[in-house]
Amino acid sequence: MTAVLGIETSCDETSVALLAGDGRVLGSAVASQFEAHGRYGGIVPEIAARAHLTNLPPLLEDVLDQAKASLPDVTLVAATAGPGLVGALLVGLSEGKGLAMGLGVPFVAAHHIEAHALSPFLDFPGGRARPVPDDFAALVVSGGHTHLYRFTGGRISLLARTRDDAAGEAFDKVAKMAGLGYPGGPAVDALAARGRAAAPFAVPRFSDRSFDLSFSGLKTAVKERLKALGVAPQTGVPEAVKTRSVESAPASLADLAADFQEAVVAQLEDRLSLVEDRHPFSLLTVSGGVSANSLLRARLSAWGKARGVEVLLASKALTGDNAVMVAFAGLVRLRSGKPGEGLSAPARSRWPLESLE
Ligand code: KG4
Ligand code: ZN
Numbered sequence: 009m010t011a012v013l014g015i016e017t018s019c020d021e022t023s024v025a026l027l028a029g030d031g032r033v034l035g036s037a038v039a040s041q042f043e044a045h046g047r048y049g050g051i052v053p054e055i056a057a058r059a060h061l062t063n064l065p066p067l068l069e070d071v072l073d074q075a076k077a078s079l080p081d082v083t084l085v086a087a088t089a090g091p092g093l094v095g096a097l098l099v100g101l102s103e104g105k106g107l108a109m110g111l112g113v114p115f116v117a118a119h120h121i122e123a124h125a126l127s128p129f130l131d132f133p134g135g136r137a138r139p140v141p142d143d144f145a146a147l148v149v150s151g152g153h154t155h156l157y158r159f160t161g162g163r164i165s166l167l168a169r170t171r172d173d174a175a176g177e178a179f180d181k182v183a184k185m186a187g188l189g190y191p192g193g194p195a196v197d198a199l200a201a202r203g204r205a206a207a208p209f210a211v212p213r214f215s216d217r218s219f220d221l222s223f224s225g226l227k228t229a230v231k232e233r234l235k236a237l238g239v240a241p242q243t244g245v246p247e248a249v250k251t252r253s254v255e256s257a258p259a260s261l262a263d264l265a266a267d268f269q270e271a272v273v274a275q276l277e278d279r280l281s282l283v284e285d286r287h288p289f290s291l292l293t294v295s296g297g298v299s300a301n302s303l304l305r306a307r308l309s310a311w312g313k314a315r316g317v318e319v320l321l322a323s324k325a326l327t328g329d330n331a332v333m334v335a336f337a338g339l340v341r342l343r344s345g346k347p348g349e350g351l352s353a354p355a356r357s358r359w360p361l362e363s364l365e
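Each residue of the sequence shown is one higher than the one before, starting from 9 at the first, in the numbering used here.
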């Protein structure tokens with residue numbers, strides 16, 4: 009029996025999971041560090057690394073309990089090797105390598121973005137994974153990435169990427185300016201649901217006709233509107249601390265959140281359409297933290313239906329960082345016959361997905 013142990017420590021979530029060979033999740037646990045970082049208004053790398061060290065052992069025990077398994081049952085270990093915070097990555101990567109060596113099983117150094125891109129093929133919780141086809145497009149929208157890739161016959165190419173902020177970063181910055189705390193995505197999502205998008209922001213395009221995206225202008229435009237509304241932009245520490253709840257926010261701020269969210273989704277739709285016109289694809293996976301966004305989920309599903317593209321959204325529980333997707337990426341890599349560097353893989357802060365073999 010195949011049992012893949014996955015370990016994820018690339019950023020501020022510590023996660024461990026055990027996956028069966030057919031992609032069923034046997035056990036999964038995530039420890040978030042929101043409280044440890046919340047007061048700083050962003051992630052502090054040193055705090056993240058220390059928290060991973062403390063969190064990993066009890067999570068591993070919990071996952072083995074859930075799966076009614078023990079370490080000798082593990083047949084493959086996969087841990088995220090990058091991209092991410094090097095100190096944080098090293099904790100999970102070293103743990104994973106040590107376990108694989110001790111158990112005498114193969115080790116896959118997983119790519120965090122590949123793991124996100126493949127996560128929509130998983131059926132969480134309980135179901136079997138869908139076979140990963142030879143050809144598909146993958147939109148990864150997270151705190152660090154807003155990238156569109158094409159997977160074809162084992163090759164990965166980059167079709168479009170943000171040239172400045174990632175979509176999640178824009179959500180986090182807007183939330184910070186509006187005093188909604190960190191992480192900002194879920195708060196802006198909830199606030200936007202109470203508002204009405206009525207004053208659209210322009211969807212930017214590059215004059216070189218590239219498919220790339222940009223969210224920094226939108227962030228500045230939101231800042232200006234916040235000023236005009238008399239809602240003082242919040243910056244720096246300790247002002248980054250949450251100063252208002254979604255419930256107590258004025259209606260004008262809810263409308264602004266709705267306009268902002270609309271602008272993010274409209275730009276994603278715009279680029280997907282441009283890319284699909286030029287390089288048609290029949291399947292698109294959508295993953296990463298921002299793919300939890302309610303407007304994005306509804307609109308990209310509708311976009312797919314209108315264009316005859318099957319849009320596979322990551323299960324909501326797998327949109328944020330998790331080890332289930334890491335175990336799955338490890339399994340897919342091992343089976344593809346391209347397991348990567350294995351035990352010799354270093355932790356990498358930057359690691360372009362399209363550079364993978
Ligand atoms: O994939 P992820 O957990 O971590 C990275 O690899 O970056 O993504 C985190 C990002 C954060 O920017 C967070 O604010 C955003 O995902 N996010 C959301 C929502 N939930 C999380 N953005 C918009 N709407 C949401 N519901
Ligand atoms: Zn991520």
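Note that CB positions come from ideal geometry on N, CA and C, so glycine has one too.
In angstroms, rounded to a whole number, what distance separates the CA positions of residue i and residue j?
i       : j       : result
Ala-325 : Gly-100 : 21 Å
Arg-58  : Asp-20  : 11 Å
Glu-247 : Asn-330 : With a pLDDT of 45 at Glu-247, under the threshold of 50, the modelled position of this residue cannot be trusted; read the value that follows with caution. Their backbone Cα atoms lie some 30 Å apart in a straight line.
Leu-67  : Ser-23  : 7 Å
Ser-102 : Leu-26  : 18 Å
Ala-314 : Lys-184 : 35 Å
Gly-316 : Glu-284 : 11 Å
Ser-352 : Arg-171 : 32 Å
Gly-151 : Met-9   : 36 Å
Ala-96  : Ala-56  : 6 Å
Phe-132 : Leu-237 : 42 Å
Gln-74  : Gly-192 : 31 Å
Val-340 : Pro-212 : 37 Å
Gly-187 : Asp-142 : 45 Å
Can we count residue i as close to ligand 4, meaning its CB is less than 7 Å from some heavy atom?
i       : result
Asn-301 : For ligand 4, the structure offers nothing, since it holds only ligand 1 and ligand 2.
Does the beta-carbon of residue i have 16 or more other beta-carbons within 10 angstroms, so that it is buried, or is it exposed?
i       : result
Pro-208 : exposed
Arg-279 : buried
Thr-88  : buried
Phe-42  : exposed
Pro-366 : The requested residue 366 is not part of the displayed model; the chain covers only 9 to 365.
Ala-306 : exposed
Thr-251 : exposed
Ser-127 : buried
Lys-105 : buried
Ser-18  : buried
Arg-169 : buried
Gly-135 : exposed
According to the Cβ coordinates, are residue i and residue j closer than 8 Å?
i       : j       : result
Ala-205 : Ala-266 : yes
Leu-320 : His-119 : no
Trp-359 : Pro-91  : yes
Val-298 : Lys-227 : no
Gly-338 : Gly-14  : yes
Val-52  : His-60  : no
Phe-219 : Leu-282 : yes
Ser-36  : Val-82  : no
Leu-261 : Val-239 : yes
Ala-86  : Val-12  : yes
Phe-289 : Ala-174 : no
Ala-117 : Gly-350 : yes
Val-294 : Leu-308 : yes
Leu-98  : Ala-355 : yes
Ala-198 : Gly-189 : no
Leu-292 : Leu-147 : yes
#### Entry: 4 or more residues per run - each alpha helix (DSSP H) lying fully within the region 177-242
The DSSP assignment places 193-201 and 224-237 as complete runs of the alpha helix (DSSP H) inside the region 177-242, in order along the chain (cut-off: 4 residues).
For the pair the region 269-280 and the region 116-124, tell me if three or more CB-CB distances fall below 8 Å.
Contact between the region 269-280 and the region 116-124 is absent: fewer than 3 CB-CB pairs across the two stretches fall below 8 Å.
So does the region 106-114 actually touch the region 306-322, counting three or more Cβ pairs closer than 8 Å?
-> No, because fewer than three Cβ pairs between the region 106-114 and the region 306-322 fall closer than 8 Å, the two stretches do not touch.
Discussion item. Three or more C-beta pairs under 8 Å: does that hold for the region 340-353 against the region 75-82?
Written reply: Contact fails between the region 340-353 and the region 75-82, because fewer than three Cβ pairs, one in each stretch, are under 8 Å apart.
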